[in-house]
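S.K.: Right, I'll just put the structure down here and ask away after.
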Amino acid sequence: LNDWVPSASLQYKISDGQTLKFSYNTSINRPGIGYLNPAIISTPTAVSFGNANLGSSRNQKLQLVYMLVASKLTLQLSPYYSFTNNGIGRILYEQNRKDVSTYQNVLKSKVFGISSYTEWTPFTGTSFTLNASMRYARITLPTPSIKNSGCGGGIYFNWEQKIPWELTLTTSIGGEYGNRIYDPYAIEGHWFYYDFTLTRRFFKDKLTVSISAESPFIKERSSTYRIVRGDYTGYERSVMKPKCFGIRLSWNFGKLKASVKKAERSIQNDDLVGGGKK
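With this note's numbering applied, the sequence shown covers 41 to 318.
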């Protein structure tokens, strides 16, 4: 009964194609059985146990959304601030020469960020899409005292181009950058990718054939994680071979009709404009 999740929003219409919306939202995270189980699991080097007294953590978020919709351009900008003061955090410490881990409602986090979405169609047959984000996060644990902070984000760009012979060429480029923080101990590193896809439709759009190449000129992709636990700092580096080539065939069965039969509804919409009421 204590897990109330209130929310509120206020929207202002600047013009026919522009809106501004301010919102406040809350959400909760409940602990799973693995976090609640107090059974002690002991090995020669480590001890771990859950915490039956864990409660739900409450996350709160303030966000401002600006939306622009024009004939050839769609733009959305969303700055936000989120925080929690009783997050479920993993507590790590040393006792009797063993690494001990458990969980407590002591995690505090503050996140300032902005995300954006842009879709631009300068002329027929060409479209660009850009998703970009940046966030600064600060996460702390009081027992033991651990602070972790960093700034990073992601950029994803997509270019779709119609070319001769009824072909569509799609180029995608993107990746993550900076020091991305999601927990008190780790800092995630950067990575990058790109791919190309050539698509052609046959038999009145029933058959779709796609040929793709993912990161064809990159031998390997690596991502580095920096692990910080008090006086200890370690690094983990993961490496993968991103180069990939593929062919995809898909067939659309049946016929897509322009009109769809509507199910009967018991609720009437009195605000319908430009059509008959059902």
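Beta carbons: idealized from backbone N, C-alpha and C, even for Gly.
Quick caveat, the model's predicted, so the values are computed rather than measured.
Do you know whose CA, among Q103, L115, K148, lies nearest F123's CA?
M.R.: Per the Cα distances, K148.
S.K.: So the alpha helix (DSSP H) G74 belongs to, where does it begin and stop?
M.R.: Its alpha helix (DSSP H) spans residues 73 to 76.
S.K.: Any idea what DSSP makes of I267, helix, strand or coil?
M.R.: It is a strand residue.
S.K.: Expressed to the nearest angstrom, what Euclidean distance is found between the alpha-carbon atoms of I54 and V109?
M.R.: Rounded to whole angstroms, I54 to V109 spans 12 Å at the Cα level.
S.K.: Would you call the region 103 to 120 in contact with the region 45 to 59, where contact means no fewer than 3 C-beta pairs closer than 8 Å?
M.R.: Yes: at least three Cβ pairs fall under 8 Å.
S.K.: Going by Cα to Cα distance, which pick from D245, F168, P78 is closest to G294?
M.R.: The residue with the shortest Cα to Cα distance from G294 is D245.
S.K.: Applying the 10 Å Cβ sphere with the 16-neighbour rule, what's the burial state of A86?
M.R.: That one is exposed.
S.K.: Which two residues bound the contiguous beta strand (DSSP E) that contains A177?
M.R.: Per DSSP, A177 belongs to the beta strand (DSSP E) from 166 to 181.
S.K.: Looking at the structure shown, is P162 part of a helix, part of a strand, or coil, going by DSSP?
M.R.: If DSSP states are grouped into helix, strand and coil, P162 belongs with the strands.
S.K.: Quick check: the Cα distance between I307 and G194, rounded to an integer number of angstroms?
M.R.: For I307, the predicted model reports a pLDDT of 43, less than 50, meaning its position is unreliable and no value from the coordinates is stated.
S.K.: Under three-state DSSP, which class holds S290?
M.R.: Strand, per DSSP.
S.K.: Between I154 and L170, what straight-line distance do the alpha-carbon atoms span, to the nearest angstrom?
M.R.: Going from the Cα of I154 to the Cα of L170 covers about 14 Å.
S.K.: Of the choices E200, I221, V146, T273, whose alpha-carbon is the least far from that of N93?
M.R.: Closest option to N93, Cα to Cα, is V146.
S.K.: Of all the beta strand (DSSP E) runs that stay within the bounds of the region 229 to 280, which reach a length of 3 or more residues?
M.R.: Whole beta strand (DSSP E) segments, 3+ residues: 231 to 242, 247 to 254, 261 to 269, 272 to 280.
S.K.: What residues in its chain sit with their C-beta under 6 Å from that of N198, if we drop five residues either side in the sequence?
M.R.: Around N198: T169, S212.
S.K.: Leaving aside the five residues before and after W231 along the sequence, list all residues of the same chain whose C-beta is less than 7 Å from its C-beta, in chain order.
M.R.: For W231, where only same-chain residues beyond five positions count, the Cβ hits under 7 Å are G215, E216, R261, S263.
S.K.: Are Q116 and T166 close, meaning C-beta to C-beta below 8 Å?
M.R.: No.
S.K.: Which complete beta strand (DSSP E) runs does the region 74 to 123 hold, if anything under 3 residues is left out?
M.R.: Runs of the beta strand (DSSP E) inside the region 74 to 123: 86 to 88, 97 to 109.
S.K.: Measure the beta-carbon distance from L238 to L289 and round it to whole angstroms, keeping in mind my assumption that it falls under 8 Å.
M.R.: Contact doesn't hold; Cβ gap of about 13 Å is too wide.
S.K.: Can you check which of these residues, Y196, R266, K150, F242, is closest to T180 by C-alpha distance?
M.R.: Looking at the Cα atoms, K150 is the closest of the given residues.
S.K.: Which one or two residues does DSSP pair with S149 in a beta bridge?
M.R.: The partner list for S149 (beta bridge, DSSP) reads T124, I179.
S.K.: Under a three-way DSSP split, which group does R137 fall into?
M.R.: Here R137 sits in coil by DSSP.
S.K.: State the Cα-Cα distance for the pair W160 and R98, rounded to the nearest angstrom.
M.R.: Answer to the nearest angstrom: the Cα atoms are 38 Å apart.
S.K.: Got a sec? Which residues, its chain only, sit under 6 Å from S278 by beta carbon, not counting five neighbours each side?
M.R.: Around S278: S263.
S.K.: Which residues in the same chain have their Cβ closer than 7 Å to the Cβ of R70, if we skip the five residues on either side of it in sequence?
M.R.: Here the set comprises S96.
S.K.: Taking DSSP as the reference, what is the three-state secondary structure of R70?
M.R.: Three-state DSSP puts R70 in coil, outside helix and strand.
S.K.: Suppose contacts are defined by Cβ-Cβ distances below 8 Å. Is S156 in contact with A172 by that definition?
M.R.: Yes, Cβ-Cβ distance for S156 and A172 is below 8 Å.
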